[in-house]
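Read the structure below first, then the notes.
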Amino acid sequence: MAFSLFKPILNGTWVQTSPLKFSRCNPLVGVYYKDGLNQEPRFIVVGGVRFVGGLVEIEDRFAVEIYNPNLDFWELCPRLPADFRSGGLCNLPNGPNFILWKVDEKTMEFSEIAIMPQELMYCLFDSEEDDKFASLKCVGLGNIIYVYNEEHHKNYPACVCEFGNEFGKCSWRKVPNLSAIATC
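So for the sequence shown, UniProt numbering puts the first residue at 1; every next one is plus one.
Given below as C-alpha coordinates:
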(Lines of atoms letter the chains of each structure in order from A and count residues from 1; the text may use other names and numbers.)
(Lines give C-alpha, C1' and ligand atoms only; values in the text may rest on other atoms or scores of the structure.)
Protein backbone atom coordinates (compact mmCIF):
# COMPACT_ATOMS: atom_id res chain seq x y z
CA MET A 1 0.00 0.00 0.00
CA ALA A 2 1.50 3.31 -1.07
CA PHE A 3 1.01 6.42 0.97
CA SER A 4 0.59 9.73 -0.86
CA LEU A 5 1.09 12.97 0.92
CA PHE A 6 1.09 16.65 0.20
CA LYS A 7 4.41 18.22 1.06
CA PRO A 8 3.99 22.01 1.06
CA ILE A 9 6.60 22.08 3.81
CA LEU A 10 9.15 20.65 1.39
CA ASN A 11 8.26 21.64 -2.17
CA GLY A 12 4.48 22.09 -2.56
CA THR A 13 3.84 18.97 -4.66
CA TRP A 14 2.20 15.59 -4.19
CA VAL A 15 4.57 12.64 -4.11
CA GLN A 16 4.10 8.93 -3.69
CA THR A 17 6.08 7.57 -0.76
CA SER A 18 7.55 4.19 -0.11
CA PRO A 19 4.84 1.83 1.20
CA LEU A 20 3.93 1.30 4.83
CA LYS A 21 5.33 -1.92 6.27
CA PHE A 22 1.75 -2.95 7.26
CA SER A 23 -1.21 -2.24 4.98
CA ARG A 24 -4.20 -1.02 7.02
CA CYS A 25 -7.59 0.70 6.76
CA ASN A 26 -8.74 3.65 8.88
CA PRO A 27 -5.55 4.38 10.82
CA LEU A 28 -4.95 7.55 12.80
CA VAL A 29 -2.54 9.81 10.92
CA GLY A 30 -0.72 12.77 12.40
CA VAL A 31 2.07 15.22 11.68
CA TYR A 32 4.67 16.54 14.07
CA TYR A 33 8.10 18.15 13.86
CA LYS A 34 10.97 16.16 15.31
CA ASP A 35 13.03 19.23 16.14
CA GLY A 36 10.10 21.39 17.27
CA LEU A 37 11.20 24.15 14.87
CA ASN A 38 9.12 23.15 11.82
CA GLN A 39 12.30 21.89 10.15
CA GLU A 40 12.05 18.09 10.38
CA PRO A 41 8.46 16.96 9.72
CA ARG A 42 7.35 13.43 10.57
CA PHE A 43 4.11 11.65 9.69
CA ILE A 44 2.86 9.07 12.16
CA VAL A 45 0.43 6.24 11.34
CA VAL A 46 -1.16 4.44 14.29
CA GLY A 47 -3.70 1.63 14.53
CA GLY A 48 -6.21 0.83 11.86
CA VAL A 49 -7.57 -2.53 10.82
CA ARG A 50 -7.07 -5.06 8.08
CA PHE A 51 -9.56 -7.29 6.36
CA VAL A 52 -9.14 -11.06 6.28
CA GLY A 53 -11.63 -12.92 4.09
CA GLY A 54 -13.90 -9.86 3.98
CA LEU A 55 -13.99 -9.59 7.79
CA VAL A 56 -12.21 -7.12 10.05
CA GLU A 57 -9.29 -8.69 11.95
CA ILE A 58 -9.79 -7.35 15.48
CA GLU A 59 -6.99 -9.23 17.23
CA ASP A 60 -4.12 -7.83 15.16
CA ARG A 61 -2.34 -4.87 16.76
CA PHE A 62 -0.37 -2.97 14.16
CA ALA A 63 2.97 -1.41 14.91
CA VAL A 64 3.24 2.37 14.90
CA GLU A 65 5.02 3.66 11.80
CA ILE A 66 6.71 7.06 11.48
CA TYR A 67 7.59 8.45 8.06
CA ASN A 68 10.64 10.64 7.43
CA PRO A 69 9.95 12.52 4.15
CA ASN A 70 13.60 13.61 3.83
CA LEU A 71 14.73 9.97 3.64
CA ASP A 72 11.52 8.43 2.21
CA PHE A 73 11.71 5.91 5.05
CA TRP A 74 9.15 4.39 7.46
CA GLU A 75 10.51 3.76 10.96
CA LEU A 76 8.86 0.79 12.63
CA CYS A 77 8.01 1.52 16.29
CA PRO A 78 6.48 -0.66 19.03
CA ARG A 79 2.85 -1.69 18.82
CA LEU A 80 0.16 0.48 20.34
CA PRO A 81 -0.35 -0.50 24.00
CA ALA A 82 -3.54 -2.48 24.69
CA ASP A 83 -4.98 0.44 26.70
CA PHE A 84 -5.15 2.55 23.52
CA ARG A 85 -6.81 0.03 21.21
CA SER A 86 -10.27 1.27 22.18
CA GLY A 87 -9.57 4.57 20.43
CA GLY A 88 -9.30 6.72 23.53
CA LEU A 89 -12.20 5.24 25.50
CA CYS A 90 -11.18 3.63 28.74
CA ASN A 91 -13.51 1.53 30.86
CA LEU A 92 -13.11 2.93 34.34
CA PRO A 93 -15.21 1.99 37.40
CA ASN A 94 -17.58 4.91 36.72
CA GLY A 95 -18.10 3.85 33.08
CA PRO A 96 -16.42 4.63 29.75
CA ASN A 97 -14.29 7.76 29.52
CA PHE A 98 -12.76 9.59 26.57
CA ILE A 99 -9.14 10.38 27.43
CA LEU A 100 -6.64 12.50 25.49
CA TRP A 101 -3.03 11.38 25.69
CA LYS A 102 0.27 13.12 24.98
CA VAL A 103 3.13 11.24 23.32
CA ASP A 104 6.70 12.45 23.83
CA GLU A 105 8.22 12.42 20.33
CA LYS A 106 11.71 11.64 21.63
CA THR A 107 10.99 8.82 24.07
CA MET A 108 7.61 7.68 22.64
CA GLU A 109 6.33 7.61 26.24
CA PHE A 110 2.72 8.61 26.78
CA SER A 111 0.86 10.43 29.52
CA GLU A 112 -2.75 11.40 30.16
CA ILE A 113 -3.50 15.08 29.57
CA ALA A 114 -7.31 15.42 29.70
CA ILE A 115 -10.50 13.47 30.38
CA MET A 116 -13.72 14.56 28.69
CA PRO A 117 -16.51 15.09 31.24
CA GLN A 118 -18.98 12.22 30.90
CA GLU A 119 -22.00 14.49 30.40
CA LEU A 120 -20.27 15.95 27.32
CA MET A 121 -19.23 12.52 26.06
CA TYR A 122 -22.77 11.15 26.30
CA CYS A 123 -24.20 14.12 24.37
CA LEU A 124 -22.23 12.85 21.35
CA PHE A 125 -24.34 9.66 21.11
CA ASP A 126 -27.92 8.55 20.60
CA SER A 127 -27.60 6.00 23.40
CA GLU A 128 -25.03 4.46 25.72
CA GLU A 129 -24.46 1.41 23.48
CA ASP A 130 -20.77 0.57 23.09
CA ASP A 131 -20.99 0.31 19.30
CA LYS A 132 -21.81 4.03 19.09
CA PHE A 133 -18.33 4.89 20.36
CA ALA A 134 -16.78 3.71 17.09
CA SER A 135 -17.97 6.89 15.35
CA LEU A 136 -15.93 9.35 17.45
CA LYS A 137 -13.22 11.26 15.60
CA CYS A 138 -10.65 13.86 16.71
CA VAL A 139 -8.97 16.72 14.93
CA GLY A 140 -6.82 19.44 16.39
CA LEU A 141 -4.20 22.07 15.93
CA GLY A 142 -2.20 24.05 18.42
CA ASN A 143 -3.97 24.11 21.77
CA ILE A 144 -7.44 23.04 20.53
CA ILE A 145 -8.78 19.52 19.92
CA TYR A 146 -12.27 18.84 18.55
CA VAL A 147 -13.96 15.52 19.30
CA TYR A 148 -17.00 14.80 17.15
CA ASN A 149 -19.46 12.13 16.08
CA GLU A 150 -19.35 11.77 12.31
CA GLU A 151 -22.81 10.20 11.96
CA HIS A 152 -24.83 12.34 9.54
CA HIS A 153 -28.19 11.95 11.29
CA LYS A 154 -26.83 13.56 14.46
CA ASN A 155 -25.72 16.75 12.65
CA TYR A 156 -22.15 16.07 13.71
CA PRO A 157 -22.30 16.82 17.45
CA ALA A 158 -18.92 17.96 18.76
CA CYS A 159 -17.02 19.02 21.85
CA VAL A 160 -13.84 21.04 22.04
CA CYS A 161 -10.96 20.83 24.50
CA GLU A 162 -8.81 23.94 24.80
CA PHE A 163 -5.46 23.69 26.55
CA GLY A 164 -4.03 26.53 28.59
CA ASN A 165 -0.38 27.49 28.98
CA GLU A 166 -0.10 25.51 32.22
CA PHE A 167 0.41 21.77 31.80
CA GLY A 168 -2.74 19.85 32.62
CA LYS A 169 -5.02 22.89 32.47
CA CYS A 170 -7.80 22.51 29.93
CA SER A 171 -11.44 23.40 29.43
CA TRP A 172 -14.12 21.34 27.68
CA ARG A 173 -17.32 22.65 26.10
CA LYS A 174 -19.97 21.52 23.63
CA VAL A 175 -19.96 23.01 20.14
CA PRO A 176 -23.37 23.80 18.58
CA ASN A 177 -24.53 21.13 16.09
CA LEU A 178 -24.25 21.90 12.40
CA SER A 179 -27.57 22.77 10.82
CA ALA A 180 -29.20 20.30 8.44
CA ILE A 181 -28.54 22.75 5.58
CA ALA A 182 -24.79 22.86 6.30
CA THR A 183 -24.47 19.06 6.16
CA CYS A 184 -25.98 18.64 2.66
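Glycine included, each C-beta is placed from N, C-alpha and C at the ideal position. Quantities reported herein were computed from a predicted structural model and do not represent experimental measurements.
Give the secondary structure of residue i by DSSP, where H, G and I count as helix, E and B as strand, and everything else as coil.
| i | result |
| --- | --- |
| Q39 | coil |
| L141 | strand |
| L120 | helix |
| G164 | coil |
| E109 | coil |
| K65 | In the sequence under discussion, the amino acid at residue 65 is Glu, which differs from the Lys named in the question. Of the three classes helix, strand and coil, the one that applies to E65 here is strand, per DSSP. |
| E150 | coil |
| Y33 | strand |
| F22 | coil |
| N70 | coil |
| W14 | strand |
| P27 | coil |
| P96 | strand |
| P157 | coil |
| L76 | strand |
Spatial neighbours of residue i within its chain, please: C-beta separation below 6 Å, excluding the five flanking residues on both sides.
| i | result |
| --- | --- |
| V175 | A158, V160 |
| S171 | E162 |
| M121 | F98 |
| L124 | N149, P157 |
Just to confirm, are residue i and residue j a CB contact at a threshold of 8 Å?
| i | j | result |
| --- | --- | --- |
| Y148 | Y156 | yes |
| S23 | R50 | yes |
| residue 186 | V45 | One cannot answer for residue 186 here, as it falls past the ends of the chain, which runs 1 to 184. |
| C25 | G47 | no |
| K137 | E150 | yes |
| E65 | K21 | yes |
Go through its chain and collect everything with a Cβ distance to residue i's Cβ below 7 Å, but skip five positions before and after it.
| i | result |
| --- | --- |
| residue 186 | In this structure the chain extends from 1 to 184, so residue 186 is not present and cannot be described. |
| D72 | T17, S18 |
| G140 | Y146 |
| L76 | K21, A63, E65 |
| N165 | none |
What residues in its chain sit with their C-beta under 8 Å from that of residue i, if we drop five residues either side in the sequence?
| i | result |
| --- | --- |
| Y32 | P41, R42, I44, E105 |
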